[in-house]
Each structure stands twice: as structure tokens, then as C-alpha cells.
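Right, one structure below, let's go through it.
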Amino acid sequence: QCSECDYETVYKGNLIVHLRTHTGDKPFECSECNYKTAGRSSLKTHHTRTHTGNKPFECSVCNYKTADRNSLKTHIRTHTGDKPFECSVCNYRAADRSSLKTHVRTHTGDKPFECFVCNYATAHISALKRHMRTHTGDKPFECFLCCYKTSQRSHLSRHMQIHNSCSLPALADT
26 QCSECDYETV YKGNLIVHLR THTGDKPFEC SECNYKTAGR SSLKTHHTRT HTGNKPFECS
86 VCNYKTADRN SLKTHIRTHT GDKPFECSVC NYRAADRSSL KTHVRTHTGD KPFECFVCNY
146 ATAHISALKR HMRTHTGDKP FECFLCCYKT SQRSHLSRHM QIHNSCSLPA LADT
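Numbering (the working numbering) for the sequence shown: 26 to 199.
Structure representation (C-alpha cells):
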């Protein structure tokens, strides 16, 4: 049993790996990149997923392939609609544990992703990435019909309505 949280296991090895989540210790390093992890099995999974290109697990519904059996299991839920992870506060359900974990932050107010330039903090890594563009000036979303560029996909979608509302001349064959 873990002395830091309510984690329990009958295997000493599992407890040792779990304790590293509290200490931050990541003794297993990938020899091909800078990836580090707390457990040997995670390193093996990383290597298979990232460096071999071998993806033996295939979806029978679409062309999705993965190196990890659990990733396939989670993917299949996109076809079945199965959402086994339930929020204990509201009626939200999720297909995967990480989506539920992110959702729970709406109840706790936890904002673990912080900007190192200003005091902005958010519950979602995607929101922090979007926010960082305000500091970098990066505008990765470009209109293919004019020179408009923006930092947010939603702004490009709104911009495209301008083009859709007027008749465009036929593009010349070049």
C-alpha cells in the first residue's frame, strides 16, 4: 500500500514503480531519444510505438493501426460509443480515463498548465498552446483564398464565411 495515496497492490514491483509517480524518478531512458519513464514496461511500449513502426493491432471497422493493445481498445469505443468512465460529480461520461481526468478539472478548478510569460493558467494543454501564440505571434492557420493568417482555427472558420458569402471568380488553370 502506498503511504502517499490510496494506491494498493499485492506486487512489490508495482508499488516501487507507483512510488515514482510521487518522487518524479524516471530511471528508464530510451537509447534513441530523450524519453524517460518510471517503469521498464512503459519504456518497452514507448520504443515499440515510437521507433519500430510496428503496429500489429488493427481496427476491424476502419484503417486505424497501433502498437498498443489498450490504444486499440480505447479507439474501438469511437465506433461503439461506449463510455465506461463516469464523473462522480455530474452525469459526464468518457471513453477514456484521460478525458475524464481533464473533465474533473471543471469541478475542482485545477489549472495545472501555466504560461511562463504571464500569469495565465488553464485546465487544458491545448488552451495553453493556443494562448502561447499570443506571445510568439505564430499564426499557423492560413486562408487559401487570400493572405489572411490567424492564430486560432475558429477565427479562420469565421473568416472563411466572408468568402462563402460572396461569389468568387473561377480560378484560372495554370
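Note that the Cβ used here is the ideal one computed from N, Cα and C, for glycine as well.
In the structure shown, the three-state DSSP call for Thr127 is helix.
Separation of the CB atoms of Ala92 and Lys80 is rounded to 5 Å, and the pair is thereby assigned contact status at 8 Å. With 16 or more other CB atoms across the displayed protein chains lying within 10 angstroms of its CB, Val42 is buried.
Rounded to whole angstroms, the separation of the alpha carbons of Leu68 and Lys37 is 19 Å. At a cut-off of 3 residues, not a single continuous stretch assigned as beta strand (DSSP E) sits fully inside the region 34–70.
Approximately 6 Å separates the beta-carbon atoms of Phe82 and Arg94; this is inside 8 Å, confirming the contact. In this structure, the beta-carbon distance from His47 to Glu33 does not fall below 8 Å. Following the DSSP letters along the chain, one finds Gln186 inside the alpha helix (DSSP H) bounded by residues 178–190. Assignment of Lys164 by DSSP, reduced to helix, strand and coil, places it in the coil class. The beta carbons of Cys171 and Leu181 sit about 11 Å from each other, so the pair does not count as a contact at 8 Å.
Under DSSP, Ala146 forms a beta bridge with Glu139. Using a 10 angstroms sphere on the CB of His71, the tally of other CB atoms reaches 16 or more, which defines it as buried. Annotated three-state conformation of Ala119 is strand, per DSSP. In the displayed model, Lys154 falls within a helix according to three-state DSSP.
By DSSP's assignment, Glu83 forms a beta bridge with Lys90. Between Thr161 and Leu153, the beta carbon gap of about 12 Å keeps them out of contact (Cβ cut-off 8 Å). In this structure, the alpha-carbon of Arg45 lies about 49 Å from that of Met185. Ranked by how close their Cα comes to the Cα of Gly49, the residues Val35, Asn39, Cys55, Lys61 have Lys61 in first place.
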